[in-house]
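Protein chains in written order, with my numbering: chain C, 2 to 623; chain L, 5 to 305.
For each residue, glycine too, the CB sits at the ideal point set by N, CA and C.
Working notes, beginning with the structure itself.
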């Protein structure tokens, strides 16, 4: 038995007030009689004891006030939560990529699974368990249940994903587990203290660290280079604290273009050149040396095609035309780039088709191109008969880039020039976001999508004054290059990062086959696009009738792949043994409602007593 | 209000067959000292006596003289009327306990007795009395003789309010001060006064050759002493005197004994002085009171 809000016992002063009222008034009521002839004066001893002789309504009111005071003070009873008890346990699992790291035959997730099974087995019969997972986001794998066999099956079905576990997902998972009597957190690294604090848990979680420090090799990035022109590069990182042999193989066009072994220095990166490639296409790099984590041993890239194609750059600014042409040639030297001023008639052959048209601050009238990139899109002109493809809804004098696909939130916003705010059609998706300088309203800065007449790209900020060549605005250049690459890439091949949302134009129900062989059907939206989020590194196949698209998902996260990184300097506070018994052995059962009901009944009884007394004495009021 | 019952047909129907018997003469010379004012010689034969010189020869019994040769004179009951005053106590004590409505009960009884008295066309009036600051309040209706006038009391009842002290002696002194011929005085009161007061009041009326009838009224709850147990500070409604009392079953029984003793003392005094005395304890017993207590007041069927 205890009190949740002992400070509210202050309301017990009402009892003192009641006693005072009764001693003053009700203990000696004055009644008027026809004559004192009929009454004898009370003897002295009786008169003295009269002060303490209180009637039934007093005791009833005192009881009601006491019950209400205890109710507002939060009186609760402690009951054993043993057999048949109602204790709930939350089992929270980290499903980040590192949980798939193996040490011998067991992965870190397997260790967590075994620890959880021991907890379930040792719990009293009747306790319920919920299973909550988190990686990219939190999810409930199992609602609270008491069926041990079902819980075991759920635990067995848990699989690690090839994404980094985010603190936000951990926070959400802990919030989901907030109502449980005990929370067991299984992860390979301690949770940030601020995340635990933000979750505002009533019961501190019991952290179960799984896995031992292990060496790991990872492919950080791959640059296929320009076929027949420049070398490609693969960056390999050794997360181990000792030198690590690495056998690397690179395949392109169905044959191995590189296969070699070398030693990588401890906790260092090594750049491995290869090529040049003979042709464009998908390039796959693979570390053949066995290590703890396999997800970051494969990586894919797309080499540009060697076929000569034409590109058009239209801009009223000659500087912009020159910058964009240089960038196009840097992305694919095989492009034949034509630049022109849109305000000059017959500046280029409009009848000729282009693979890509880059349109800066102008419309696309008269241009035939398989892909179009609108840079600083022209606002809709009044009187124009055709509705704008990309409606401009506003503009800012200076924009700041804040997010970029594949990178996430930038460490510092990149200040850009003027930008036009475009209301994206549903078939486009933003690849970078920004806002006006000093403003919080976000709008897309770059976007791509497929319209009925071809691929469409959009860069919302102006690139005049050699903005793209400014080293302080490197992210603007990278976003531009990424957009151009996506526009000129083959439409049936996509290279994406795990965890990133993927939108593929398919226009029909599509079978998605994951790298582990699992398949599921996807339904296109009104824009004819199917969307999914690859959580495993590897190759995804999308098939809809005769159409097929291949998506290569790359995984690399410097923090998650570092299996030695957890030095655990800030180990989370273990579950306080002093605090545990309260919830481990007892359950708090507040009885405030019961007390309030008792008070109501007592008041009702007092009303009956007073009413009968009033009727007996024919008083006109109670 | 309970007094309204006095004018209900059912109640009056029960009283229709009743009449009030007044004691006639207690004079040393029978047939001469009468109660009330003489209205002539009358026609009802009362007695025979020896002729004395000077007697009116018209009353000489000639038949007796012829048969017996004896001179006898016939005497007759004189025609007379008796003024009846019903005095109802309207002091503050008649208002408590409020649920008992003692004043209404007393007015009902007084009106009933007045209705009975009207059966012989005697002049009847109803008065209420109390005391205020040493002065007596005495308010009365005019004399009514016929039952057709009985309804006139209704308007008077509506004006009666309780208040003041019970001043029996002052009320009777006020009545005697009116210098009316002695008649019948019916006092309806709770008699919650000291013995000196009611003995003085009743004694004065008797001394003035009034025929006195006393109706002792108490309420149902008052006579049953039905107070919840507890400690109280009781206040006399007439004097304002406070008294601390502790009340319980034992005290209630003692209280009932005090009521009985007080009523017995009054009854004993009335018996000794030839005052007709009746108890009317509880309005709920009205029918029983009419049947059993009214005869004690000389009411006959």
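Closest in C-alpha terms to residue 310/C, from the list 325/C, 357/C, 600/C, 296/C, comes 357/C. DSSP links residue 541/C through a beta bridge to 552/C. For residue 87/L, the secondary structure class from DSSP, reduced to helix, strand or coil, is coil. When C-beta distances to chain C are compared with 9 Å, the residues of the segment 228-241 of chain L below that value are 229, 230, 231, 232, 233, 234, 235, 236, 237, 238, 239, 240, 241, in chain order. About 6 Å separates the CB atoms of residue 168/L and residue 96/L; that is less than 8 Å, so the two are in contact. With respect to chain C, the C-beta atom of residue 100/L has a partner C-beta closer than 8 Å. Straight through space, the alpha carbons of residue 186/L and residue 80/L are spaced by roughly 22 Å.
About 7 Å separates the CB atoms of residue 205/L and residue 175/L; that is less than 8 Å, so the two are in contact. Setting aside the 5 residues that flank it on each side, residue 266/C is surrounded in the same chain by 239, 244, each with a C-beta closer than 7 Å to its C-beta; the list follows chain order. In the DSSP assignment, residue 482/C falls within the unbroken alpha helix (DSSP H) covering 475-489. CA-to-CA, the gap between residue 195/L and residue 202/L works out to about 7 Å. Membership of residue 210/C in any alpha helix (DSSP H) is not indicated; the residue belongs instead to the beta strand (DSSP E) covering 207-210.
Assigned with DSSP and collapsed to three states, residue 157/L falls in helix. In this structure, the CA atom of residue 377/C is about 16 Å from the CA atom of residue 323/C.
Take the alpha-carbon of residue 33/C and the one of residue 161/L: they are about 25 Å apart. Per the DSSP secondary-structure output, residue 450/C pairs in a beta bridge with 429/C, 457/C.
With respect to the C-alpha of residue 603/C, the residue from 470/C, 544/C, 60/C having the closest C-alpha is 60/C. Chain C places no beta carbon closer than 8 Å to that of residue 134/L, leaving this residue out of the contacts.
Counting along the chain, the unbroken beta strand (DSSP E) around residue 91/C starts and ends at 89-95. Annotation for residue 293/L: the continuous alpha helix (DSSP H) segment containing it runs 290-296. Every unbroken stretch of the beta strand (DSSP E) spanning 3 or more residues and falling wholly within the segment 186-234 of chain C is given here in chain order: 207-210, 218-224.
Cβ-Cβ separation between residue 68/L and residue 59/L: approximately 14 Å, too far for a contact (criterion under 8 Å). The beta carbon of residue 368/C is closer than 6 Å to those of 358 in its chain, skipping five residues each way along the sequence.
Checking the DSSP bridge columns, you'll see residue 565/C has no partner listed.
Secondary structure of residue 337/C (DSSP, three-state): strand.
Remark: fewer than three beta-carbon pairs, one from each stretch, lie closer than 8 Å, so the segment 103-114 of chain C and the segment 541-548 of chain C are not flagged as touching.
Chain L places a beta carbon closer than 8 Å to that of residue 35/C, counting this residue as a contact. If only complete runs of 3 or more residues are kept, the segment 126-156 of chain C shows the beta strand (DSSP E) at 129-135, 139-146, in order along the chain. Comparing C-alpha distances from residue 273/C to each of 403/C, 230/C, 288/C shows the shortest one belongs to 288/C. A Cβ-Cβ contact shorter than 8 Å links residue 535/C with residue 503/C. Exclusion of the five residues before and after residue 13/C leaves 70 as the residues of its chain whose Cβ lies within less than 6 Å of its Cβ.
A Cβ-Cβ distance of about 47 Å is found for the pair residue 228/C and residue 191/C, leaving them out of contact under the 8 Å criterion. In this structure, residue 476/C lies away from residue 420/C, with their beta-carbon atoms at least 8 Å apart.
Assignment of alpha helix (DSSP H) within the segment 320-392 of chain C, counting only whole runs of 4 or more residues, yields no such run. Leaving aside the five residues that flank residue 64/L on each side, the residues in its chain whose CB is nearer than 7 Å to its CB run, in chain order, 55, 75, 77.
In this structure, 485/C is the residue among 134/C, 58/C, 485/C with its C-alpha nearest to the C-alpha of residue 332/C.
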